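Read through the structure below, which is laid out as structure tokens, and then see the notes.
There are 2 protein chains.
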Amino acid sequence: MKIAIVGKGGVGKTFIASTLMKLFEKDGYKVIGVDCDPNPTLALSFGVEEDITPISKRKDIIEERVVLGDGVYNINPKVDDLIDKLGYKIGNITILVMGTIEKSGEGCVCPASTLLRKLMKHLILKEKQVVILDMEAGIEHFGRKTLEGIDLMLIVVEPTKKSILTAKRIVKLAKDLGIKNIGLIVNKVRNKNIDIDIGVPIYGIIPFDEQVLEAEAKGESVDKGKAFEEIKNIYSKIVNR
Amino acid sequence: MKIAIVGKGGVGKTFIASTLMKLFEKDGYKVIGVDCDPNPTLALSFGVEEDITPISKRKDIIEERVVLGDGVYNINPKVDDLIDKLGYKIGNITILVMGTIEKSGEGCVCPASTLLRKLMKHLILKEKQVVILDMEAGIEHFGRKTLEGIDLMLIVVEPTKKSILTAKRIVKLAKDLGIKNIGLIVNKVRNKNIDIDIGVPIYGIIPFDEQVLEAEAKGESVDKGKAFEEIKNIYSKIVNR
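Have a look at this one:
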């Protein structure tokens, strides 16, 4: 299963993605987490402070497998082992970083997105394997079609007009891209009587939780508390879908 | 004066940018606010719910002024009047939207960034005119050099490890780009004893304020309260710099 977590910046995508990754791992899955943000912070949720080499720097390794030479593409390349070669391993979790900006003026992350698309396209997942894509803030990745071929897109919002506007834009673009399964997660909810309808099923309503705030201050993850419990419910909905 | 507001997604860039815009206007300035986020939400802070035509859609009008034909550039084009033609006016505030993604697969916002750079490069500001650029979340715009030639860059963080990591990356990239004046704004601060040092002067420490939360839920702006008062202090620091 390939799941993408999308939404406006700061709504909690990385927090939710990393927590889901840990729940999948605990359940015996082999988990591949892909940090698709040009400003990567996913690894930080696993206590990894060092910079992970992005796949955009390993172009050679991906291209040699996918492209045979002279622009001739290998239709069915085996790329499964590349994940191990390119990723940073923590137990049964492998973290991939798409690409970042290291120098001003070096351009955008389109080349890195293209590599990631190729890798994802050719990756065949076995039983009990899951890919979770923690996307960049906003909507630019839709312009790049990075998410073609995913099984489920979860849009995260918080109860602000700006993030809901972003979610509506995302629904439109995702349908455009042919993504069929789209769900909504409302995060940081203080008032239970919240009413947000963007025309997609709600996967969870995560309450505002001081514990998350404290954990984010330290760059840690949470494994208890009311926000965590609701992410567990979301996890069940995903696997029983 | 050209001021850019940068930082991780969700830290409060648009809230701070729009509040500063209103303070400049109140002080008699002609204000140009540029929404440089591919997922634009700046206009919403002024109660504008309709989509504003982005300058990326008015390529003709910018190119005809800057490019003479056959790739020959007009070295000193007059572009001041273009702001009025391209912008959405609210009193003495003019809002420009850089560009957005309307269709999946249409590409990235590099062409729009290039147009904006051209426009900004040739815009000559008079006394009591200010441009405030509300940047996209994260660091990708540094790859595009959108911010060349600005007078002041204000980095917004909240007290989370991820946003501080982002700020550190920004400082490095901004120096790379030759930006000399960089300041830090710490937002949503609950604990006054906060200690954040990323090697640039602190322009303000904005306390967490329930009023802002409520305003953001409705898509409104604030004009009183403790967060607003601190932004007024930041405003004074900017104009007296």
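Which chain is which? The protein sequence lines are A and B, in order.
Each step along the first sequence adds one to the number in this note's numbering, with nothing skipped, and position 48 is 48.
Each step along the second sequence adds one to the number in this note's numbering, with nothing skipped, and position 71 is 71.
Glycine residues also receive a C-beta, built at the ideal position from the N, C-alpha and C atoms.
A quick note: this is a predicted structure, and the numbers were derived from the prediction, not measured.
Does G9/A come within less than 8 Å of chain B when only Cβ atoms are used?
yes
The beta strand (DSSP E) with G225/A in it runs from where to where?
That residue, G225/A, is in no beta strand (DSSP E); it is neither H nor E in DSSP.
Is C36/B helix, strand or coil by DSSP?
Strand, per DSSP.
Ordered along the chain, which non-local residues of its own chain (more than five positions away) have a Cβ less than 6 Å from that of P201/A?
G183
Enumerated in chain order, which unbroken segments of the beta strand (DSSP E) with a length of 3 residues or greater are wholly contained in the stretch 49-131 of chain A?
67-69, 88-90, 93-97
is_contact[N39/A, chain B] using C-beta, thresh 8 Å
yes
Roughly how many whole angstroms lie between the Cα atoms of A43/B and V72/A?
47 Å
Within 8 Å (strictly less), CB to CB, does F46/A reach chain B?
no
Using DSSP with H/G/I as helix, E/B as strand and the rest coil, what is V200/B?
coil
Roughly how many whole angstroms lie between the Cα atoms of D197/B and N74/B?
44 Å
Quick one: what's got a C-beta closer than 7 Å to S56/A's C-beta in the same chain, skipping five residues either side?
Once the five neighbours on either side are set aside, the close Cβ partners of S56/A are M98, G99, P111, A112, L115.
Distance cutoff 8 Å, beta carbons only. Does S104/A sit that close to anything in chain B?
yes
Do you know whose CA, among L119/A, K218/A, E229/A, lies nearest F208/A's CA?
For F208/A, the closest of L119/A, K218/A, E229/A by C-alpha to C-alpha distance is E229/A.
Using a Cβ-Cβ distance cut-off of 8 Å, determine whether I185/B contacts chain A.
Not a single C-beta of chain A is nearer than 8 Å to the C-beta of I185/B.
For E50/B, decide whether its Cβ has a neighbour in chain A, counting only Cβ atoms nearer than 8 Å.
no
Establish whether the CB of T166/A and some CB of chain B are separated by less than 8 Å.
yes
Less than 8 Å between the beta carbons of G149/A and K121/A, yes or no?
With respect to the 8 Å criterion, G149/A and K121/A are classified as neighbours on the basis of their beta carbons.
From the DSSP output, in three-state form, read off L42/B for me.
coil
Within 10 angstroms of the Cβ of S236/A, are there 16 or more other Cβ atoms? Answer buried if so, exposed if not.
exposed
For the beta strand (DSSP E) that contains G7/B, what are its first and last residues?
2-7
Between the stretch 123-146 of chain B and chain A, which residues of the former have a C-beta closer than 8 Å to a C-beta of the latter?
E136, A137, G138, I139, E140, F142, G143, R144, K145
Taking 8 Å as the cut-off, decide whether the C-beta atoms of N181/A and L152/A are in contact.
yes
Interface flag, T53/B vs chain A, CB-CB below 8 Å
For T53/B, the answer is no, since every Cβ of chain A falls outside 8 Å of its Cβ.
Using a Cβ-Cβ distance cut-off of 8 Å, determine whether T19/B contacts chain A.
It does not: the Cβ of T19/B has no partner Cβ on chain A nearer than 8 Å.
Any beta carbon from chain B within less than 8 Å of C110/A's own beta carbon?
Yes, because at least one Cβ of chain B sits closer than 8 Å to the Cβ of C110/A.
For chain B, is any of its Cβ atoms less than 8 Å away from the one on G107/A?
yes
Less than 8 Å separating the beta-carbons of L20/B and I132/B?
In terms of Cβ geometry, L20/B and I132/B form a close pair [threshold 8 Å].
Alpha-carbon spacing of I161/B relative to K8/A, whole angstroms
Checking the sequence, you will find Lys at residue 161/B rather than Ile. About 19 Å.
On a Cα-Cα basis, can you pick out the residue from I124/B, P38/B, D27/B, I231/B that is closest to C108/B?
P38/B
Nearest-angstrom beta carbon gap, G33/A and I93/A [assumed within contact, 8 Å]
6 Å
Where in the stretch 156-202 of chain A do unbroken runs of the alpha helix (DSSP H), each at least 4 residues long, occur, reported from the N-terminal end onward?
Fully enclosed alpha helix (DSSP H) runs of 4 or longer: 161-176.
Within-8 Å CB hit, P159/B to chain A
yes
Short CB-CB distance (under 8 Å) between I101/B and chain A:
Taking Cβ atoms only, chain A reaches closer than 8 Å to I101/B, which makes this a yes.
What residues from chain A crowd round A217/B, counting only those whose CB sits closer than 8 Å?
P159, T160, K161
Any idea if G124/B is buried or exposed, counting beta-carbon neighbours within 10 angstroms, 16 or more meaning buried?
Before going further, note that residue 124/B is Ile rather than Gly in the sequence given. Its Cβ having fewer than 16 others within 10 Å, I124/B is exposed.
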